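Only one structure is covered here, and it is reproduced in the block below.
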Amino acid sequence: MSLDYEFMKNTFFLCLKGVPVALNITAVTLLISVPLGFVIAIIRSNKKHPYLSKLLGIYISYNRGTPMIVQIYIIYNLMPYLIFYFCKRLNIDFDVYGMSNMVYAYITFSLCFTAFLAEAFRSGLGTVHKGQYEAAAVVGLSDYQCYRRIIIPQAITALLPILCTNVTGLIKMTSLAFSMAIFDITAIAKVEASADLCFIEAYLDITVIYVVLCLLVELIFKLIEYRVKAHRAVI
Amino acid sequence: MDAMLEVKQVHKAFGKHEILKGVDLNVDKGDVIVILGPSGSGKTTLLRCINFLERADKGTLSLDNMEISMKHAKKKEITYVRKKTSFVFQSYYLFHNKTALQNVTEGLIIGRRLPKRQANEIGMNALEKVGLKDRHAYYPSQLSGGQQQRVGIARAFAANPDVILFDEPTSALDPELVGEVLAVMKKLAREGTTMIVVTHEMSFAQSVANKVLFMDGGVIVESGVPDEIFVRPKEERTKQFLRRIIPDSDYVI
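Heads up: the protein sequence lines correspond to chains F and P, in order.
One point on numbering: in our numbering, the residue at position 119 of the first sequence is 119, and numbering is uninterrupted.
Just add 1000 to the spot in the second sequence (first one is 1) and you have our numbering.
Here it is, written out as structure tokens:
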């Protein structure tokens, strides 16, 4: 068996066109999920809102307990009906079927990834001793100031490696966007491969692309970690 | 004269376990009150209730003529109490991500909104008083336990509180580091700082306190000036406790 190198080269550059799509989904998802995940983690890690915590726990269990592809199918099929129904009820003139598939991708990935991040952040917050909260309260810091100035800066050291794993996971997860008819890296490879029947070549191509993307993310996180630790003594 | 800080009938239970069963406490300006008692007697819980780190089930607190229900205190009232009191923790609880100086000034700049320059000046003076001015740029992890606790004390009195609450400030320290912390506390006491100290350091109680309370089983069993309590305790439980503790303290030089 021999590989079709010409096809490999051409497909590689074609697949690169999917990289902005994957990064676009990743970036928007992060922008939504990071703040939301933090809020959920904070709600779930202190005992002030028992019922809300339970409810959020169910949401997290759902996202952890169902395959990503199933979540995509559900939202991709259910969402248009829901939006259509509400728009009709509220007399809003809105063309549901003209909505970009990217919007569905943002919604699906954000919903899922927020749940993952909430748990990652909760484990990060758990590394900070409760005495830090008490000391902050005693010297007169508000809850917000306490998290902003004392807790989160300390949690971040423990949290960066987990966050890095999650972000690389998210980039790989975007490969499922093809099931929402979005032309990302994997979708392009699949189409090209079926046209020329060169599956192995196409998949080797995108393996390289994903590995390089994730290595870049790792590198970025290494730099952040270095910076965070540089101005702080090791705890 | 009215007491500066007065708590009345404090009750606190954790689940079914009653820790405080009606404690009264009066603190006048300049008092150094030492609370003694076996572990589990509620000393620490009492201090934590005064600062609202624990919410008491019953009781009132009056501070500077303002009376507050300890069970139903509002956020504003808690802030008021915390502004006028400071707390020194058994395990120091310095902010790990802040230097010694920042630990002292954090509450001043963020909590009390003092200008940074003024806060830094107060902070440096506070650190000088505990003998750590040259360590102002060190992080807690670079300081010994005794030094950390001295920073903790500096952080407490830099806020210029009416009263400082000490929760077993030397119990987590190596024996050889206890002395430096007690020395700082003695210095503060001599300067007229009002203090409530939960401790097992009998020599400190004997030499510095002007009032000693003995707690057991969630109530104050006996209180008085140190000589009364140490030399002529009236209650059997106090005598038992002192017999167990005093011979021990003879070994500690």
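Built from N, CA and C at the ideal position, the CB exists for glycine as well.
Because the structure is a prediction, the values reported are computed rather than measured.
Tell me whether the beta-carbon of Gly1152(P) lies closer than 7 Å to the beta-carbon of Tyr1092(P).
yes
Looking at Asp1028(P): is its Cβ nearer than 7 Å to the Cβ of Met1004(P)?
yes
Please state whether the Cβ-Cβ distance between Ala1209(P) and Pro1233(P) is less than 7 Å.
no
Chain F residues whose Cβ lies nearer than 7 Å to that of Tyr1093(P):
Gly131, Gln132, Glu134, Ala135
If you run the structure through DSSP and keep just helix, strand and coil, what is Met99(F)?
coil
Starting from the Cα of Ile1035(P), find the closest Cα among Phe1214(P), Thr1238(P), Val1184(P), Ser1041(P) and give me that residue.
Phe1214(P)
For Gly1059(P), which option in Pro1169(P), Gly1179(P), Lys1021(P), Gly1037(P) has the closest C-alpha, if you only look at C-alpha atoms?
Lys1021(P)
When Cβ atoms are compared, which residues of the stretch 138-170 of chain F fall closer than 7 Å to chain P?
Val138, Val139, Gly140, Leu141, Gln145, Arg149, Ile150, Pro153, Gln154
For the stretch 29-40 of chain F against the stretch 113-123 of chain F, are there 3 or more C-beta pairs whose distance is under 8 Å?
yes
At a CB distance below 9 Å, what residues from the stretch 1119-1131 of chain P approach chain F? Give them in sequence order.
none
Sort out for me which residues DSSP pairs Leu1254(P) with in a bridge.
It is not possible to answer for residue 1254(P), since the shown part of chain P is limited to 1001 through 1253.
With which residues is Ile1196(P) paired in a DSSP beta bridge?
Ile1033(P), Leu1165(P)
Can you tell me whether DSSP reads Val1088(P) as helix, strand or coil?
strand
Asp1134(P) by DSSP, collapsed to three states: which one?
helix
Quick one: using the 10 Å Cβ neighbour count with 16 as the cut-off for buried, is Leu241(F) buried or exposed?
Lying outside 1 to 235, the shown extent of chain F, residue 241(F) is not represented and no answer is given.
Any non-hydrogen atom of the ligand MN within 6 Å of Val1178(P) CB:
Because no ligand of any kind appears in the structure shown, any question about the ligand MN cannot be addressed here.
Going along chain F in order, which residues have a C-beta closer than 7 Å to the C-beta of Ile1110(P)?
Leu141, Gln145, Arg149
Who are the near neighbours of Ala1189(P) in its chain, counting only those whose CB is closer than 7 Å to its CB and skipping five residues on each side?
Val1032, Met1195, Val1208
Would DSSP call Ala120(F) helix, strand or coil?
helix
Report buried or exposed for Gln1118(P), applying the criterion of at least 16 other Cβ atoms within 10 angstroms of its Cβ.
exposed
Which of helix, strand or coil DSSP assigns to Thr1099(P):
coil
Gln1240(P) to Gly1015(P), Cα distance in whole Å?
29 Å
Excluding sequence positions up to five away, which residues of its chain have a Cβ less than 6 Å from the Cβ of Leu1114(P)?
Leu1108
Kindly confirm or deny that the stretch 1175-1183 of chain P and the stretch 1142-1150 of chain P touch, where touching means at least three C-beta pairs closer than 8 Å.
yes
Assign Ala1013(P) to one of three DSSP states: helix, strand, or coil.
strand
Per-residue DSSP class, three states only, for Ile92(F)
coil
Determine the contact status of Ser1086(P) and Pro1161(P), defining contact as a CB-CB distance below 7 Å.
yes
List, from N- to C-terminal side, the alpha helix (DSSP H) runs of 4 residues or more that fit wholly inside the stretch 1196-1235 of chain P.
1202-1208, 1226-1231
To the nearest angstrom, report how far apart Ile1253(P) and Met1202(P) are at their CA atoms.
Only weak support is given to the placement of Ile1253(P): the predicted model assigns it a pLDDT of 43, under 50, and the value that follows is read from those uncertain coordinates. Near 12 Å, if we compare the C-alpha coordinates of Met1202(P) and Ile1253(P).
Shortest alpha-carbon distance to Leu1101(P) belongs to which of Phe1230(P), Glu1128(P), Asn1051(P)?
Glu1128(P)
Give the interface partners of Met1054(P) over in chain F, defined as CB-CB distance under 8 Å, in chain order.
Sequence inspection shows Glu at residue 1054(P); the Met mentioned does not correspond to that position. The premise fails here: Glu1054(P) is roughly 10 Å from chain F at the closest Cβ pair, so nothing lies under 8 Å.
Buried or exposed: Lys1074(P), going by 16 or more other Cβ atoms within 10 Å of its Cβ?
exposed
Extent of the continuous beta strand (DSSP E) run through Thr1060(P):
1058-1063
Starting from the beta carbon of Phe1087(P), find every residue of chain F whose beta carbon is closer than 7 Å, and list them in chain order.
Val138
Could you check whether the Cβ of Val1160(P) sits closer than 7 Å to any Cβ belonging to chain F?
One detail in the question is off: residue 1160(P) reads as Asn in this sequence, not Val. By this cut-off, Asn1160(P) is not an interface position.
Rounded to whole angstroms, what's the CA-CA distance from Glu1191(P) to Ala1156(P)? Just pull it up for me.
15 Å
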